[in-house]
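Chains as they are written, first to last, in this note's numbering: chain A, 1 to 153; chain B, 154 to 306. The C-beta atom is built at its ideal place from N, Cα and C for all residues, glycine as well. Predicted model, so just to flag it, every value in this text is computed and none were measured.
Encoded structure:
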């Protein structure tokens, strides 16, 4: 199963959240899972907010990177692009909305589901649902925009 | 100048973003600066998104923690509370809205200004402006809610 982050060009693969070439970072992987997209993450013990729970900034980061990854998957699909190393589109975030419904327990694997709401030219809207212990803890919406392929090069 | 995070009870001071007792984290400090609140942060070289720029998840994290810190300062002020170790109110985030206006350069100190928009009971709305190189790069709004003092204890 292809993770979009494995198909970003090298200069697009340095992100702390999802870059395969960032040894310090989370190295998030975003894949299709049926009609939706999926990523998983296991927090470290020190990713805490209030004891027992994950800090909200990490959850926002994961939704952000899963959102841009989902947007890139959607663009590739809509264009009929066959992904080969390293031809994936790359999106950045224009806006991010996060709703913390209930505290996210820190000892569980986190699963984030992405739903492609709209693809319009270079702009993609993605909704996210973040689960821990099979409980919906956080929801989000990101508006992602594709960048030119030589951006940041 | 008092930083609100130095007045949180120990069990509220473990946050990766702003806990003085989290050795792995950012240890953000939120202070009054006239009518507004201020925090500063210097990103590491590996906090990158696209080369040269800070990854958006970190910026969301900083605005989140500066927002809850600003909310706690506002609650203390409105109640006429004299801050002593460790009697500060503690807020968590109900929702977070982030708008990325332009890429945030990674080699600059980040400054985040907080503006208290509304205090209503245990709920506080805070707007944030994030600057790097004196340029407004990101704006945000958080809705923060005070938690009971034994929460997570």
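Check, Outcome
"Coarse secondary structure for residue 244(B), derived from DSSP in three states", "strand"
"Residue 178(B) versus residue 136(A): straight-line alpha-carbon distance, rounded", "26 Å"
"Straight-line gap, residue 4(A) to residue 31(A) (C-alpha atoms, nearest Å)", "7 Å"
"Nearest-angstrom Cα separation, counted from residue 278(B) out to residue 292(B)", "14 Å"
"Under the three-state DSSP convention, the category residue 183(B) falls into", "coil"
"8 Å Cβ cut-off: residues of chain B touching residue 14(A)", "201, 202, 203 and 204"
"Contact set between the region 221-244 of chain B and chain A, restricted to residues whose Cβ is under 9 Å from the partner", "221 and 243"
"Contact under 8 Å by Cβ, residue 91(A) with residue 210(B)", "no"
"Buried/exposed call for residue 127(A), threshold 16 Cβ in 10 Å", "buried"
"Minimum Cβ-Cβ distance from residue 131(A) to chain B less than 8 Å", "no"
"Three-state class that DSSP yields for residue 132(A) in the structure shown", "strand"
"Reference residue 297(B); option with closest CA among 147(A), 120(A), 107(A) and 98(A)", "98(A)"
"Per-residue burial, residue 120(A) [other beta carbons within 10 Å of its own, 16 or more giving buried]", "exposed"
"Beta-carbon spacing of residue 253(B), residue 9(A) below 8 Å", "no"
"Where residue 160(B) meets chain A, residues with beta-carbon distance less than 9 Å", "Those do not exist, as residue 160(B) stays about 16 Å from chain A at its closest Cβ, beyond 9 Å."
"Short Cβ contact (8 Å threshold) for residue 213(A) with residue 112(A)", "Because chain A spans 1 through 153 in this model, residue 213(A) falls outside it and cannot be assessed."
"The region 260-279 of chain B: positions lying closer than 9 Å to chain A by Cβ", "none"
"Continuous beta strand (DSSP E) stretch holding residue 267(B): start and end", "263-273"
"Alpha helix (DSSP H) segment containing residue 66(A), residue limits", "56-78"
"Segment limits, beta strand (DSSP E) that includes residue 191(B)", "189-194"
"Under 9 Å by beta carbon: chain B residues contacting residue 95(A)", "250, 251, 252 and 253"
"Strand pairing of residue 250(B), partner residues [DSSP]", "97(A) and 294(B)"
"Beta-carbon proximity list for residue 85(A), same chain, < 8 Å, skipping 5 on both sides", "6 and 7"
"Contact set for residue 312(B): own chain, Cβ-Cβ below 7 Å, skip 5 residues either direction", "What the structure shows of chain B is the stretch from 154 to 306, and residue 312(B) is not part of that stretch, so it cannot be assessed."
"Beta-carbon spacing of residue 258(B), residue 220(B) below 8 Å", "no"
"Contacts around residue 223(B), its chain only, beta-carbon distance under 7 Å, and the 5 residues preceding and following it disregarded", "183, 190, 267, 269 and 279"
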